[in-house]
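Trainee: Have a look at this one before I ask anything.
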Amino acid sequence: ALAEQHLKSLLPNNSYRKIETYFKQARQTLSAKDKSKLRRWTQKVRVFPRGQPLQMATIRKDIEQVIYEALLSDTKVRVLYRKRYATVSSEYIISPLGLVSRNAVHYLVCAVDHDPGSIRYLPLHRFTKAVDLYEPAEIPEEFSLDSYLETNPLGFLRSVDPVNLEVIFSAEAAYHLSETPLNKTQSITQTRDGRVRIKATVADTSELRFWILGFGSSAEVVRPASLRKELSETSKEMNKVYTS
93 ALAEQHLKSL LPNNSYRKIE TYFKQARQTL SAKDKSKLRR WTQKVRVFPR GQPLQMATIR
153 KDIEQVIYEA LLSDTKVRVL YRKRYATVSS EYIISPLGLV SRNAVHYLVC AVDHDPGSIR
213 YLPLHRFTKA VDLYEPAEIP EEFSLDSYLE TNPLGFLRSV DPVNLEVIFS AEAAYHLSET
273 PLNKTQSITQ TRDGRVRIKA TVADTSELRF WILGFGSSAE VVRPASLRKE LSETSKEMNK
333 VYTS
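Numbering (my numbering) for the sequence shown: 93 to 336.
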């Protein structure tokens, strides 16, 4: 039952129907009196997203079905896609490469026909039409979804070059980073004033900025200098908003 909740939105309908029988059998098994403990387990476990909870973006089921089946079958799709802030959709022929679920949005990682060297990730809810062309998809040689996401995190990349981040946190704000590090490059040292210095090499994304700003005055960026200056200016603008 727990697996069904997460797989239902990530599998093509045809594939889901093939395993739906097993989910039904699982529900029937859990309904048996001698399985009451197991049945209660599904009421005691939840996956809770980090950050402000958001409702899932609305995806047209017919479009979702076409794209999922094309991804499964490695075929091209002709799509109409509405860019952010655009009022009309543009037509593309794409080769689906992978699907990523992140917070309230499902992203399609794909190669575009007129620009095969550039791999993009597009929110599924912005597709307004999708037609499977039943032509073999053009998959870049040695493409790996995991490798792609390591260098192209879905956090609105500001630069392809990673940043050597150095932030001084209050001891309380830094505590969780001792339990859940940013990555394997992270180091932690104490400062003379009782705060904590965190260093790590991370992707240069908008989300990085949102994350740091979320700590308010409990986080001070030391390096890179450009990021320190940027967040200083952001803080000044925020102060204007709240004091005007």
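The beta carbon of each residue, even a glycine, is placed where N, CA and C say it ideally should be. This structure is a prediction, so every number in the text was calculated from the model and none was measured.
Buried or exposed: which applies to A292, given that a residue is buried once 16 or more other Cβ atoms fall within 10 Å of its Cβ?
Mentor: Taking the first residue of the sequence shown as 1, we reach residue 292 at position 200. Under this definition A292 is a buried residue.
Trainee: Between S236, V259 and E112, which has its C-alpha nearest R315's C-alpha?
Mentor: For this step, residue 315 is matched to residue 223 along the sequence shown. Closest option to R315, Cα to Cα, is V259.
Trainee: Count the other CB atoms within 10 Å of the CB of V252; is the residue buried (16 or more) or exposed (fewer)?
Mentor: Counting from 1 along the sequence shown, the entry for residue 252 is found at position 160. Classification of V252: exposed, given that the 10 Å Cβ count is below 16.
Trainee: From which residue to which residue does the beta strand (DSSP E) around E312 run?
Mentor: Start at 1 with the first residue of the sequence shown, and residue 312 comes out as number 220. Unbroken beta strand (DSSP E) run through E312: A311 to R315.
Trainee: Whole angstroms are fine: how far does the CA of I159 sit from the CA of A95?
Mentor: What you label residue 95 is simply residue 3 of the sequence shown in a count that begins at 1. What you label residue 159 is simply residue 67 of the sequence shown in a count that begins at 1. C-alpha separation (whole angstroms): 22 Å.
Trainee: Can you tell me which of A229, T243 and V204 puts its alpha carbon nearest to the alpha carbon of D166?
Mentor: Sequence index remark: in the sequence shown, residue 166 carries index 74 (1-based). Selected option, being the one with the closest Cα: A229.
Trainee: Which value, in whole angstroms, describes the spacing of the CA atoms of I265 and E271?
Mentor: Within the sequence shown, numbered from 1, the residue matching residue 265 stands at position 173. Within the sequence shown, numbered from 1, the residue matching residue 271 stands at position 179. Note on identity: in this sequence residue 265 is Ala, with Ile being the wrong assignment. Near 12 Å, if we compare the C-alpha coordinates of E271 and A265.
Trainee: May I ask you to list the residues that DSSP assigns as paired with T297?
Mentor: Within the sequence shown, residue 297 is the residue found at index 205, counting from 1. DSSP output for T297 lists L249 as bridge partner(s).
Trainee: What did DSSP end up calling A118 once you bin it into helix, strand or coil?
Mentor: Residue numbering aside, residue 118 sits at position 26 when the sequence shown is read from its first letter. Note: A118 maps to helix in three-state DSSP.
Trainee: Residues in the same chain with beta-carbon distance under 8 Å from L323, minus the five sequence neighbours each way, listed in chain order, please.
Mentor: Residue mapping note: residue 323 aligns to position 231 of the sequence shown, counting from 1. The residues are R301, I304, L305 and V313.
Trainee: Return yes when the Cβ of E299 is within less than 8 Å of the Cβ of F261, no when it is not.
Mentor: Taking the sequence shown and counting its residues from 1, one reaches residue 261 at position 169. Taking the sequence shown and counting its residues from 1, one reaches residue 299 at position 207. Not in contact: F261 and E299 (Cβ atoms no closer than 8 Å).
Trainee: Note the first and the last residue of the continuous beta strand (DSSP E) segment covering E230.
Mentor: As a first step, residue 230 must be located in the sequence shown, where it is residue number 138. Counting along the chain, E230 falls outside any beta strand (DSSP E), and DSSP gives it neither H nor E.
Trainee: Comparing the C-beta of C202 with each C-beta of chain D, is any distance below 8 Å?
Mentor: No chain D appears in the structure shown, which is made up of a single protein chain.
Trainee: When DSSP labels each residue in this structure, what does K291 get in the three-state scheme?
Mentor: What you label residue 291 is simply residue 199 of the sequence shown in a count that begins at 1. It is a strand residue.
Trainee: Going by the CB atoms, is the gap between H206 and I151 shorter than 8 Å?
Mentor: The residue given as residue 151 occupies position 59 in the sequence shown. The residue given as residue 206 occupies position 114 in the sequence shown. Not in contact: I151 and H206 (Cβ atoms no closer than 8 Å).
Trainee: With 16 other CB atoms within 10 Å as the buried threshold, where does I168 fall?
Mentor: The residue labelled residue 168 in the question sits at position 76 within the sequence shown. In the sequence under discussion, the amino acid at residue 168 is Lys, which differs from the Ile named in the question. Label assigned to K168: buried.
Trainee: What are the boundary residues of the beta strand (DSSP E) that T150 is part of?
Mentor: Counting from one through the sequence shown, the residue named residue 150 turns up at place 58. Segment: none, T150 is in no beta strand (DSSP E) and carries neither H nor E.
Trainee: Could you spell out the range, first to last residue, of the alpha helix (DSSP H) harbouring S270?
Mentor: One-based indexing of the sequence shown puts residue 270 at position 178. Note, S270: alpha helix (DSSP H), A263 to E271.
Trainee: Assign K268 to buried or exposed, taking buried as 16 or more other Cβ atoms, counted over all protein chains shown, within 10 Å of its Cβ.
Mentor: Locating residue 268 in the sequence shown gives position 176, counting from the first residue. This sequence places His at residue 268; Lys is not what is there. The residue in question, H268, is exposed, as its Cβ has fewer than 16 Cβ neighbours within 10 Å.
Trainee: With three or more C-beta pairs closer than 8 Å as the rule, is the segment 137 to 148 touching the segment 191 to 207?
Mentor: Enough Cβ pairs lie closer than 8 Å, so yes.
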